[in-house]
Amino acid sequence: MFNVLPFHILWEAIVTSYKTNQTTINFAKKHKVIEDDLVSSIIQAKDDVIFEFLDLFTSLEEEFNSIYTDTDFLFRFKQDDSLTTKLKAQSETRQLYKICNDVIGFRFIIKTKSDDLLSIAEEFIKNCPNDLSCRIHDQSGGKAQNDGYKGFHVYVRNHQNNAFPIEIQFWTRTDALLNDYLHGNVYKAEERDKLIAYAVELRDWLKKLPVPPEDSEIKSYEDYLYEKAYSMTFGYEREE
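Under UniProt numbering, think of the first position of the sequence shown as 1, with each following residue one higher.
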């Protein structure tokens, strides 16, 4: 079923957003220190995108989530305080689109195995328009400095670099169970460095969860946990 997900509908919305909500910010410019004026401009530009397209993006959520029971789809954006913290924490010279690569985005949480996610992300990227730059970032094996997080990210930006990049995340349900927990509890903790080993152990524990016999009709423990705690039915957090 995953090869028939209506990715073209999301692409149409992405193209519309790039055509109608461009900014005066040069996202190709390199920065090491981001001054307060630019921080304010970025936050305002982010708020403009949300104001302009929230109805469109949430209607996409409703369409995906009402039809595809094994896929949860979410529009997401960074809160002002989280975005400010990220911008002010920059310590190396990078292009602004690399710093702001996760300000606006979408997330697919799919009831499948990690091995299938790459082909799903590749299917999505096949429809990338010629006037947009699209690439897949594979974190299925974890980050360079492993902290338990896994998933696939597709990054989209326009060639003019005058609008926010858009990040599309592809997670399994196992990824969702751990990634969201890490984001809310480990990454923001003062003792984060001490907790990384714990996070990696959690990932290994989830990977080793037993599965029901193939001829059994009961839910797996993983699906049970996910549907109780993280499904769209329970109001997945939009802001991050």
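No residue lacks a Cβ here, since even glycine has one placed at the ideal position from N, Cα and C.
Predicted model only: the values in this text are computed from it and were never measured.
Cβ-Cβ separation, residue 105 to residue 169 (assumed contact under 8 Å), whole Å:
Position 169 of the sequence shown holds residue 169. Position 105 of the sequence shown holds residue 105. Contact flag correct, Cβ pair sits at about 7 Å.
Leaving aside the five residues before and after residue 138 along the sequence, list all residues of the same chain whose C-beta is less than 8 Å from its C-beta, in chain order.
Residue mapping note: residue 138 aligns to position 138 of the sequence shown, counting from 1. So the qualifying residues of the chain are 118 and 152.
For residue 98 versus residue 39, is the C-beta distance shorter than 8 Å?
Start at 1 with the first residue of the sequence shown, and residue 98 comes out as number 98. Start at 1 with the first residue of the sequence shown, and residue 39 comes out as number 39. In this structure, residue 39 does not lie closer than 8 Å to residue 98 by Cβ.
Backbone secondary structure at residue 223 - three-state DSSP
The residue you call residue 223 lines up with position 223 of the sequence shown. Reduced to three states, the DSSP call for residue 223 is helix.
Could you tell me the alpha carbon to alpha carbon distance between residue 188 and residue 219, rounded to whole angstroms?
Position 188 of the sequence shown, counted from the start, is the residue given in the question as residue 188. Position 219 of the sequence shown, counted from the start, is the residue given in the question as residue 219. If you take the alpha carbons of residue 188 and residue 219, they lie about 32 Å apart.
Could you work out which residue in 63, 71, 58 and 79 is closest to residue 47 when comparing CA atoms only?
The count along the sequence shown starts at 1 and reaches residue 47 at position 47. It is 79 whose Cα lies nearest to the Cα of residue 47.
Thinking C-alpha only, which one of 17, 26 and 124 is nearest residue 7?
Counting from one through the sequence shown, the residue named residue 7 turns up at place 7. Out of 17, 26 and 124, 124 has the C-alpha closest to the C-alpha of residue 7.
Where does residue 132 sit, in a helix, a strand or coil, going by DSSP?
For this step, residue 132 is matched to residue 132 along the sequence shown. Strand, per DSSP.
Alpha helix (DSSP H) containing residue 241: first to last residue?
Nothing can be reported for residue 241, as the shown portion of the chain is limited to 1 through 240.
Quick check on the burial criterion: 16 or more other C-beta atoms within 10 angstroms. Buried or exposed for residue 148?
Within the sequence shown, residue 148 is the residue found at index 148, counting from 1. That one is buried.
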